[in-house]
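Reading through the structure tokens given below for one structure.
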Amino acid sequence: MKKIIVAIDGFSSCGKSTMAKELAKKVGYIYVDTGAMYRVVTLYAMRNGMISEADDKKTVDEQCLAQDISDGKITVSFQLNPENNLPMACLNGEVVESEIRTLDVSNNVSNVSALSFVREFLTSQQKAMGKKKGIVMDGRDIGTAVFPKAELKIFLTATPEVRAKRRFDEMMEKGETDVTFEEVLKNVQERDYLDTHRDIAPLKQADDAIVIDNSNLTKDEQNALLLSYFNEAVNK
Ligand code: DC
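Just so you know, we're using my numbering here: the sequence shown kicks off at 866 and counts up by one.
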């Protein structure tokens, strides 16, 4: 059977990764969470004091971060978790899967991911990962910038409230109980704004993407829908 590239884009906390992982598992494709890659670079910048905040405004020390990237001091990779076979994000070989999911990282990642040199650094790795096809990649610019020729492009969306509720419930489950629903909703809305308004590769629906609004869909319903689009694209 021919192998294709599946590009899944959409707003934060839409359930893109849940959907993408499920499809990849079902059809035996590689799954890549590009948001995790931006989060890893953000974590590096935070750990190395490259993000400062004054008057509620965050500033990234672009020069230092660009230098460290060009000096090869930041390696972003994935390791398979032997327990569930899912990829775990790594920073310079260290598994940082839970560190990159905190609200602190979420609050800084839009600023880091708006930088052109960060996007170039990660986009070139993502393109290389798709060379052999057989990949499901999720993010914000996969169908527009990374794989504009992907055989199947999905644009996933849901209301900000539904998305914030999902992220909030996830955090509670993980024991991150020191946040309120309002804080999570504010983060979702701020990221929506920044993701859609940045100059380079903003979140935007590709002209040939299929839109799925999953506000009122169960996981099973959305997975079945995606699988039907996948089968159609493979048999085209
Ligand atoms: O999918 P996520 O919420 O884990 O993504 C984290 C951030 O990374 C998000 O706010 C925007 C950015 N991102 C991006 O700019 N381009 C991508 N392809 C993926 C994520």
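Think of the CB as a built atom: it goes at the ideal place given N, C-alpha and C, for glycine as much as any other residue.
Predicted model, so just to flag it, every value in this text is computed and none were measured.
Kindly list the residues whose CB is nearer than 7 Å to the CB of residue i, restricted to its own chain and excluding five residues on each side of it in sequence; keep chain order.
i	result
Asp1073	Lys1018
Val960	Gln944 and Met953
Val977	Tyr903, Val906, Thr907, Ala910, Val925 and Val983
Thr988	Ala1010 and Val1011
Val1044	Leu968 and Met1036
Ala1098	Ile869, Glu1016 and Leu1017
Lys1084	Thr883
Quick one: what's residue i bridged to in DSSP?
i	result
Met915	Bridge partners of Met915: none, in fact.
Phe943	Ala954
Ile1019	Ile873 and Ile1075
Lys922	Ala919
Glu959	Leu956
Met866	Bridge partners of Met866: none, in fact.
Asp898	Asp1003
For residue i, collect the residues of the same chain with a Cβ closer than 6 Å to its Cβ; drop the 5 residues on either side in sequence, then sort them by chain order.
i	result
Arg1115	No answer is possible for residue 1115: it lies beyond the span of the chain, which begins at 866 and ends at 1101.
Val871	Val1001 and Leu1017
Ala1029	Val1049, Leu1050 and Val1053
Arg1031	Ser878
So, using beta-carbon positions, are residue i and residue j closer together than 8 Å?
i	j	result
Ile1065	Ser981	yes
Tyr909	Ile939	yes
Leu888	Phe1095	yes
Phe1033	Phe1020	no
Lys1079	Gly900	According to the sequence as given, residue 1079 is Asn; it is not Lys. Cβ atoms of Asn1079 and Gly900: not closer than 8 Å.
Lys923	Asn973	yes
Quick check: the Cα distance between residue i and residue j, rounded to an integer number of angstroms?
i	j	result
Asn950	Leu1092	20 Å
Glu962	Ala979	22 Å
Lys1069	Thr1009	8 Å
Thr1042	Lys868	42 Å
Val941	Leu968	20 Å
Val1053	Glu927	24 Å
Ala1015	Asn1100	14 Å
Lys891	Val970	31 Å
Glu985	Ile965	20 Å
Ile1075	Arg1063	23 Å
Gly999	Met866	10 Å
Lys997	Ala919	45 Å
I'd like the list of long-range same chain contacts for residue i, defined as Cβ closer than 8 Å, with 5 residues on each side in sequence excluded.
i	result
Asp933	Tyr909, Asn913 and Ile939
Leu1082	Leu1090
Ile1077	Ile1019, Phe1020, Leu1021, Thr1022, Gln1087, Leu1090 and Leu1091
Exercise for review: Decide if the segment 874-883 is in contact with the segment 952-960; the criterion is three or more beta carbon pairs, one per stretch, under 8 Å apart.
Suggested key: no
Review point. For the 8 Å Cβ check, are there 3 or more pairs between the segment 1076-1090 and the segment 883-892?
Key: yes
Review point. Taking contact to mean at least 3 C-beta pairs separated by less than 8 Å, is the segment 999-1009 in contact with the segment 1022-1040?
Key: no
**Study point:** Stretch pair the segment 1049-1063 + the segment 989-1001: three plus CB contacts closer than 8 Å
**Key:** no
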